[in-house]
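Numbering (UniProt numbering) for the sequence shown: 1 to 279.
Using N, Cα and C, we set each Cβ at its ideal position, and we do this for glycine too.
For reference, the structure discussed in these notes is given below.
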Amino acid sequence: MNCLVRMRSVLGFLRINPVAGGQRSMSQSSLAGKVAIVTASTDGIGLATARALGRRGARVVVSSRRQANVDKAVELLRSQSIQVTGTTCNVGNGEDREKLVQTTLDQCGGIDILVSNAAVNPFFGSIMDTTEEVWDKILGVNVKSAFLMTKLVVPHMEKRGGGNVIFVSSVGAYQPFPGLGPYNVSKTALLGLTQNLAPELAHSNIRVNCVAPGVIKTRFSAALWQSEDTMNELKKQLSIKRIGEPEEIGGVIAFLCSDEASYITGETIMVTGGLNCRL
Ligand SMILES: NC(=O)c1ccc[n+]([C@@H]2O[C@H](COP(=O)([O-])OP(=O)(O)OC[C@H]3O[C@@H](n4cnc5c(N)ncnc54)[C@H](OP(=O)(O)O)[C@@H]3O)[C@@H](O)[C@H]2O)c1
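Below, the structure is given as structure tokens:
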């Protein structure tokens, strides 16, 4: 085979096999045309996730309890050329959850991605001192609302031929943080929710995955990273000797929602800098 013939056959191969030409990785990481709901997305990990999805071309719907926070997040993301809309939604409230879904349908025409990111922790102390009220609040917001949001969006994902659901858990799901008993339990429950939903929703071409962040620099974890002593103790347990940035969670979530992760479901990815690595 002379050089020209060989070149022609390589070009022909690339035309019918875009994978070999590198086009596959570009198109498979793209979320262009997708519509994503991210709960609790006006700050921290939720906001970084909205940005990561938006940068890959998704149209994102941000929400949280306070209108002022929603307005600020929408303005910030728009200034970064992200297609975004926003509404208030306290995920613990059924009417708010329905409003979030309806607003998304009205303004974006469908739903492809749900990132269930909201969580609360109103208690610190011995698990034996927790009350029914504390358990109701934590399980209600962190677990029950994650399921009820999923139940609301699944019929709309089915209409689009499939979708992705991501739950935001925590390293505390595996290795409890001292003093945060009910919160840790709620995060372990999300691993179970992921595994229970994944096989059922696979029939509808919906993948269900979970991300378990370690200590990430947000307001939620400020008590940890603002204390030098706590940080020094923490660093001893980290392989990567720093705490994580919200963007490092957002990127993993965007990957899980992309076609590059098309064979991953029912999985939890730990993003912890090596804290409590598991086999
Ligand atoms: N940061 C960490 O180190 C870390 C580690 C492991 C897991 N996580 C998990 O990551 C998720 C996000 O945490 P974060 O650190 O990013 O928190 P964050 O920076 O404090 O942001 C919290 C966001 O949640 C909203 N929010 C709070 N309660 C809400 C509710 N009931 N309904 C809707 N929105 C609500 C807040 O806005 P409004 O005040 O306007 O509602 C804000 O936008 C949580 O599930 C958390 O458990 C965090």
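- Excluding the 5 residues flanking it on each side, Thr-188 has same chain C-beta neighbours closer than 6 Å at Ala-173, in chain order.
- Between the stretch 182-198 and the stretch 129-148 there are three or more inter-stretch CB-CB distances shorter than 8 Å, so the stretches are counted as touching.
- The beta carbons of Met-270 and Ala-212 sit about 5 Å from each other, so the pair counts as a contact at 8 Å.
- At the C-beta level, Met-149 and Ile-111 stay beyond 7 Å of one another.
- The beta carbon of Phe-147 sits closer than 7 Å to the beta carbons of Leu-193 from its chain, once the five residues preceding and following it are set aside; these are given in chain order.
- For a cut-off of 8 Å, the C-beta gap from Asn-276 to Val-171 is around 6 Å, short enough to register as a contact.
- For Phe-123, the three-state secondary structure derived from DSSP is coil.
- Thr-272 and Pro-178 have their C-alpha atoms spaced approximately 17 Å apart.
- Look at Asp-71: its beta carbon is at least 6 Å from all of the heavy atoms in ligand 1.
- By the Cβ-count criterion, Glu-132 is exposed, with fewer than 16 other Cβ atoms from all chains shown falling within 10 Å of its own Cβ.
- The residues Val-35, Gln-83, Cys-108, in chain order, have a CB closer than 6 Å to that of Arg-59 in the same chain once the five nearest residues on each side in sequence are set aside.
- If you compare the alpha carbons of Ile-45, Glu-228, Ser-30 with that of Thr-218, the shortest gap goes to Ile-45.
- Here Asn-276 carries a coil assignment [DSSP, helix/strand/coil].
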